[in-house]
Amino acid sequence: MIEIQLHSDCQNADTIVPNKFIDTYMQEANGEFVKIYLYLLRCVQSRSYVCTVSAIADHFNHTEKDVVRALNYWQKQGLLALELNSEGNISICMTDLGRAASSPAEPQPDTDSTMLTVSAVAPAKESVSEQAPPAAPRKTPSKHSYPADVLLEFQKNPEISELFYVVETYIRHPLSENDMNTVLFWHEDLRFSTELIVYLLEYCITKGHTSMRYLDKVAQGWHADNITTVEQAKEDAAIHNQAYYGVMKALGITGRSLIKSETACIKKWTSEYGFDLPLIQEACRRTIAATHQPSFEYTDSILTRWHENQVHTLDDVQALDSARSKTRRQTPASAEAPARKNTFNNFTQRTYDYDKLEELLLTTPMRG
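Positions in the sequence shown are counted from 1; adding 5 to them yields this note's numbering.
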């Protein structure tokens, strides 16, 4: 975990907020930036010299980008100085406002100060999230509502300004403040890359939807499903198109959408097992023939057995069926074990043909 080392040239032992900060700096600053500055004062003046960007973000329910943005803002105002060492740790020196100028400092050019980015603070985070295995659905973070002055600050960032322009181009109307907040929610809170946001726009528009409400609903669904890359989004889209509707048709499901556990089954069959749609539809056909009703559990049991038997094509299914039929024909019908009688066991024991039982399970309707 990357640490922030705090030190100060102030002599105060308690958490003291200088009047100059309240009178001169606080009134012009964003409220969230003020909170983070006060938190830094509390840390350094209580001699809690070590903290982390992620800890500050968690404390205020912010993103790490929010924290980094606040640190850069206060550095521009001259209230702190930032340094990033070779190990990636941040050193912050809190300025003694008693010796500061009587008015807020003019923003310093980037060449004279260390401007932090989330990639600099946590360089390994993005690669870890892309390589991690599928996880449980994530809770959607709360959406910020940035005021107009903060939105203007965002637009000074070339990346954000270009992103706004791209979204406007796709939806064909200027972005309102609420639209801008929604785009920032995708980028800052859901951690969507620009490429993923562009694909989000393309995906929704090809379905005939350009409203920000619909786009936001899809974005939150992707976040809940741990979709972080364009490749994952395309895979999810494929499932919800070809396999999704193919399974619904094969099982005779109409008048409703599939629930999350059912789409999870389809994802397992297509991604984990690597089955193509005709093979899955054959399992669905056998499910209906046996149970006379759609049952994802029953279909999953068939496909899991095929997966365990290295079945990959319909020809493999036919070969497996033939081998099972041949085995059953070769098993004597009267292959009962001789009964052993003693004082504890004086009745004729039964033997079972497990292949026949399994066949019976596959051909007998399930009862509730």
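Cβ coordinates follow ideal geometry from the N, Cα and C atoms, glycine included. Nothing here was measured: the structure is a model prediction, and the numbers come from that model.
Spatial distance of Y78 from H312 (CA atoms): 56 Å
For M253, the first and last residue of its enclosing alpha helix (DSSP H): Element bounds for M253: Y249 to L256.
C-alpha distance - Q82 paired with A224, whole-angstrom precision: Their backbone Cα atoms lie some 36 Å apart in a straight line.
Contacting residues, own chain, Cβ-Cβ under 8 Å from V22 (five flanking each side not counted): L43 and L46
Of the listed residues E267, Y30 and D281, nearest to V316 (C-alpha basis): D281
DSSP state of A86 mapped onto helix, strand, coil: strand
For S166, three-class secondary structure by DSSP: helix
Other residues of its chain near Q160: CB distance less than 6 Å, five sequence neighbours each side excluded: S166
Residue burial classification, R74 (beta-carbon count within 10 angstroms, cutoff 16): By the neighbour-count rule (16 or more Cβ atoms within 10 Å), R74 is buried.
Every unbroken alpha helix (DSSP H) within the region 258-303, with a cutoff of 4 residues, ordered by chain: 265-272 and 282-296
Candidates L201, W274, D154 and Y250, of which the one nearest N220 by Cα: A small correction: the amino acid at residue 220 is Leu; Asn does not occupy that position in the sequence shown. Looking at the Cα atoms, L201 is the closest of the given residues.
Selected residue, minimal CA-CA separation from Y250, among T309, L205, E240 and T268: T268
Where I21 falls: helix, strand or coil (DSSP): coil
Chain-order list of residues whose beta-carbon lies under 7 Å from that of R355 (same chain, five-residue window excluded): Any reading at R355 is ruled out, since the residue's pLDDT is 47, under 50, leaving its predicted position unreliable.
Exposed unless 16 or more other CB atoms sit within 10 angstroms - verdict on L157: Residue environment analysis places L157 among the exposed positions, since fewer than 16 neighbouring C-beta atoms fall within 10 angstroms of its C-beta.
DSSP state of I9 mapped onto helix, strand, coil: strand
Neighbour-count burial assignment, E287, 16 or more Cβ in a 10 Å radius: Its Cβ being crowded by 16 or more others within 10 Å, E287 is buried.
Cβ-based neighbour list, M185, same chain, cut-off 7 Å, excluding 5 preceding and 5 following: L156 and F169
Option nearest M99 by Cα separation, candidates S147, I41 and I258: I41
Buried versus exposed, by CB contacts within 10 Å (16 or more), H67: buried
Alpha-carbon spacing of K25 relative to V39, whole angstroms: 13 Å
Rounded separation between K254 and A294 - CA only: 15 Å
Delimiting residues of the beta strand (DSSP E) encompassing I3: No statement about residue 3 is possible, as the shown extent of the chain runs from 6 to 373 and does not include it.
Between the CA atoms of R290 and T318 - distance to the nearest angstrom: 15 Å
V172 versus D101: straight-line alpha-carbon distance, rounded: 43 Å
Distance between I61 and I97 (C-alpha atoms, nearest Å): 14 Å
Separation of L325 from T292, as counted between CA atoms: 17 Å
Continuous alpha helix (DSSP H) stretch holding G226: start and end: M217 to A229
A248 to V58 span [Cα, whole Å]: Here the C-alpha atom of A248 lies approximately 42 Å from the C-alpha atom of V58.
For G257 and P299, believed in contact at Cβ under 8 Å, the rounded distance: 6 Å
Cα-Cα separation between T304 and K273, rounded to whole angstroms: 12 Å
Proximity test, Y219 beta-carbon vs the ligand SAM heavy atom, cut-off 7 Å: Ligands displayed in this structure: none; no statement on the ligand SAM is therefore possible.
Outcome for I264 when other beta-carbon atoms lying within 10 angstroms are tallied against a minimum of 16: Exposed, because fewer than 16 other Cβ atoms sit within 10 Å of the Cβ of I264.
Coarse secondary structure for S306, derived from DSSP in three states: helix
Straight-line Cα distance separating T234 from M217: 20 Å
Contacts around P146, its chain only, beta-carbon distance under 7 Å, and the 5 residues preceding and following it disregarded: Cβ neighbours of P146 beyond the five flanking positions: D194.
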